[in-house]
Every structure is written in structure tokens, then in C-alpha cells.
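Quick note: our numbering has the sequence shown finishing at residue 159, numbered continuously throughout.
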Amino acid sequence: MAYSVRITNLQMNLATAFSMDTDYLALSQASIQQSAGKNNLDGKIQAIKAQQADLDGEIQTYEKEFRDRMDILPASSSLKTLQDLVLAFFFISYFLLAGLVSFEIGRKNMVFGGFTFFLSIIFSVVLVTAIRLYA
Numbered sequence: 025m026a027y028s029v030r031i032t033n034l035q036m037n038l039a040t041a042f043s044m045d046t047d048y049l050a051l052s053q054a055s056i057q058q059s060a061g062k063n064n065l066d067g068k069i070q071a072i073k074a075q076q077a078d079l080d081g082e083i084q085t086y087e088k089e090f091r092d093r094m095d096i097l098p099a100s101s102s103l104k105t106l107q108d109l110v111l112a113f114f115f116i117s118y119f120l121l122a123g124l125v126s127f128e129i130g131r132k133n134m135v136f137g138g139f140t141f142f143l144s145i146i147f148s149v150v151l152v153t154a155i156r157l158y159a
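Spelled out as C-alpha cells, the structure:
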């Protein structure tokens with residue numbers, strides 16, 4: 025009888041050991057999968073950080089090129105190019121011609137002459153602005 029109790033205890037201990045071994049294998053497998061998932065996420069995080077560093081470098085390059093281009097551009101108030109000088113010449117010429125025509129018209133009709141002069145000034149400003157914007 026003691027012998028059968030001992031065999032029963034050994035069988036129960038063996039079943040418990042097999043159960044613990046199965047639990048250990050399951051936990052070990054879950055740990056391996058979790059570690060693989062963590063490594064996968066770490067790889068994705070590193071890839072995103074590399075992309076962010078590349079984008080930061082591109083942004084800095086773009087800002088530097090933009091600043092360089094802005095340094096190259098002439099001041100908008102100066103007449104440095106030939107186009108600006110020609111526009112200034114034609115603006116002054118048109119202004120003087122419009123003034124002369126308005127003066128001659130105004131000698132006969134003062135209200136119409138002043139109105140013509142005012143319209144010629146507006147037209148010349150619009151013309152020069154349009155040429156500078158679209159040329």
C-alpha cells in the first residue's frame with residue numbers, strides 16, 4: 025500500500041512537472057514573441073528617426089537656399105536693372121505727355137482736363153505695376 029501511494033505521489037509530481045514544463049514553454053514562447061515584437065518596433069522607431077533626421081536636413085538645406093536667394097535679390101526700391109530704368113523712363117514720359125494733353129484740354133474745359141489728367145495718372149500707375157508684375 026505504501027508502495028502504491030508513493031507511485032501515485034510520483035505520478036502526481038510528474039504530472040505537475042509536465043504542467044510546469046508546458047507553462048514554462050508557453051511563457052518562454054510568449055517572451056520570445058514579445059521580444060521579437062519589441063525588436064520590430066525598435067526597428068520601426070529607428071527608421072522613423074532616420075526619416076525625421078533626413079527631413080530636418082532637407083528643411084535646413086531649403087531654408088539656407090531660400091536665404092541665399094533672398095540675399096541675391098536686389099532691393100525692390102532701387103532701379104538697378106535695365107527693365108526698371110526703361111519702365112521709369114516710359115512712366116515719366118507718359119506722365120509728361122498726359123499732363124501736356126490734359127493741360128491743352130483743360131485750357132478749353134477745366135473740369136474735363138483735370139479729370140483726364142487724373143485718369144492718365146491712374147492708368148500709368150496701373151500700367152507700370154502690371155508690367156513689373158508680369159514681365
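Where a beta carbon is used, it is the ideal one built from N, C-alpha and C, also for glycine.
Beta-carbon gap between residue i and residue j smaller than 7 Å
{"i": "Phe141", "j": "Ser126", "result": "yes"}
{"i": "Val150", "j": "Phe115", "result": "no"}
{"i": "Ser144", "j": "Ala122", "result": "yes"}
Inter-residue Cα distance where the pair is residue i and residue j
{"i": "Lys132", "j": "Ile146", "result": "22 Å"}
{"i": "Val110", "j": "Leu157", "result": "15 Å"}
{"i": "Ala60", "j": "Asp47", "result": "20 Å"}
{"i": "Asn37", "j": "Tyr27", "result": "15 Å"}
{"i": "Gln70", "j": "Leu79", "result": "14 Å"}
{"i": "Met44", "j": "Leu51", "result": "10 Å"}
{"i": "Gln57", "j": "Asn64", "result": "10 Å"}
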